[in-house]
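The opening residue of the sequence shown carries number 71 in our numbering; numbering runs sequentially from there. Everything below concerns the one structure shown next.
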Amino acid sequence: MATLGQWVAGARPRTLFAAIAPVVIGTAAAAQHSDPDYGIALLAAVVALALQVGVNYANDYSDGIRGTDDSRVGPVRLVGQRLARPESVKMAAFLTFGFAAVAGLALVALSEAWLLLPLGILSIVAGWKYTGGENPYGYMGLGEVFVFVFFGLVATLGTLYAQVGTITWFGVAAAVGVGAIASAILVINNLRDIPTDSQTGKHTLAVRLGDAGTRRFWLALVVVSILMVGVMAIWDPFALLGLLSIAAIWRAVQVVMHGAEGRRLVPVLGSTGKYELVYAVTVFAGILTSRALG
71 MATLGQWVAG ARPRTLFAAI APVVIGTAAA AQHSDPDYGI ALLAAVVALA
121 LQVGVNYAND YSDGIRGTDD SRVGPVRLVG QRLARPESVK MAAFLTFGFA
171 AVAGLALVAL SEAWLLLPLG ILSIVAGWKY TGGENPYGYM GLGEVFVFVF
221 FGLVATLGTL YAQVGTITWF GVAAAVGVGA IASAILVINN LRDIPTDSQT
271 GKHTLAVRLG DAGTRRFWLA LVVVSILMVG VMAIWDPFAL LGLLSIAAIW
321 RAVQVVMHGA EGRRLVPVLG STGKYELVYA VTVFAGILTS RALG
């Protein structure tokens, strides 16, 4: 029987930055366009967090019953480490997805952004199918695409649209930036797991690219996020404050590119997640500064 602490660890708190950051930078995009709605932003954050936790529990369940997590290093694996019954973890995933759905309905009703309703349903289905079902796309090297689309484009632009009723090019650049970092979180997770994934038939993008290729891909995603700060600055130069976030990822870049493996990559997972949040917060701070100065 898993303890409360193990259930919390099973939710993988280090990945939750990937849920909050798109909401923060989506609100920054709303502020760059007009007046943001912080109540809507808070509700969007609740939805995003619930979706992320739901995906994490669903991944724990699906990988656990397939045996993919049996010899894996890194965070607690409730099913893989026999800490909780598979059905209990599956139920936790469904309950969390259900909570996300209820919060999402409230968000759509309050914002009257009805276009977000089908996107929300699709997000939940995609979250389950990542490693669940008969043909999980996470086992076919498409996990990064899912993360980029749903925890980058959809989460950021959905937050923007819910607040101001439109999509802006600043928002698109912001969405690409955080989407790249969110994908980088998954890439570093899969880089660490190449040995076990390749043995259990989980053909992630990291397994397909190989060790060296995956490291270069991770670095490319980080570089893309930095370039997007420059793109955002086209519409508001104060967005360049986002470049301060480089300090949050610099050490991780050195660790990854110098060949760290296994458990030595676990801190990089947290560092990449923190980078995403710092990235979003510093861009937002830049936009608020711009508004204050008029």
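We put the beta carbon where it would ideally sit given N, CA and C, even for glycine.
Hey, out of the options, whose CA is closest to residue i's CA?
i, options, result
"S295", "L313, G124, I304", "L313"
"L279", "A118, G211, A355", "G211"
"K199", "K160, G340, L186", "K160"
"A318", "I95, V257, F354, T342", "T342"
"P206", "Y131, V336, A79", "Y131"
"R82", "I255, A250, Q324", "I255"
"Y127", "A79, S181, F354, S104", "A79"
"F220", "A154, G150, A250", "A250"
"G235", "V123, V125, V178, V277", "V178"
"A176", "T166, G222, L113", "L113"
"G258", "R84, W77, A72, E204", "Here the sequence assigns Ile to residue 258, which means Gly is not the residue at that position. The candidate whose alpha carbon is nearest that of I258 is R84."
"W239", "A72, G96, I90", "G96"
"L192", "L180, S181, A154, G174", "G174"
"L358", "V246, A100, A72", "A100"
Going by other Cβ atoms of all chains shown within 10 Å of its Cβ, with 16 needed for buried, is residue i buried or exposed?
i, result
"E346", "buried"
"P188", "exposed"
"S253", "buried"
"L74", "exposed"
"Q102", "buried"
"R333", "exposed"
"W320", "exposed"
"N186", "Correcting the residue type first, residue 186 is Leu in the shown sequence and not Asn. When all chains shown are included, L186 counts as buried."
"I194", "buried"
"G241", "buried"
"Q233", "buried"
"T352", "buried"
"Y108", "exposed"
With a Cβ-Cβ cutoff of 8 Å, do residue i and residue j count as a contact?
i, j, result
"S315", "V348", "yes"
"T229", "V248", "no"
"F49", "K344", "The shown model of the chain, from 71 to 364, leaves out residue 49, and the question about it has no answer."
"G197", "L121", "yes"
"A118", "P145", "no"
"D281", "S360", "no"
"R286", "L261", "no"
"A244", "A98", "yes"
"L310", "V299", "yes"
"R147", "G137", "no"
"L180", "I110", "yes"
Starting from residue i, follow the alpha helix (DSSP H) in both directions and report where the run begins and ends.
i, result
"G203", "Element bounds for G203: n/a, residue is neither H nor E."
"K160", "156-181"
"A290", "275-302"
"V78", "74-80"
"L230", "225-234"
"S104", "First-last for S104: undefined, no H or E at that position."
"I316", "316-327"
"T238", "That residue, T238, is in no alpha helix (DSSP H); it is neither H nor E in DSSP."
"F218", "213-218"
"L363", "336-363"
With H, G and I counted as helix, E and B as strand and the rest as coil, what does DSSP make of residue i?
i, result
"Q151", "coil"
"L261", "helix"
"M71", "coil"
"K272", "coil"
"G137", "coil"
"D306", "coil"
"L192", "helix"
"A330", "coil"
"L185", "coil"
"P145", "coil"
"L86", "coil"
Is residue i close to chain C, meaning its C-beta is less than 8 Å from at least one C-beta of that chain?
i, result
"F221", "Within the model displayed, chain C is absent; a lone protein chain is all it includes."
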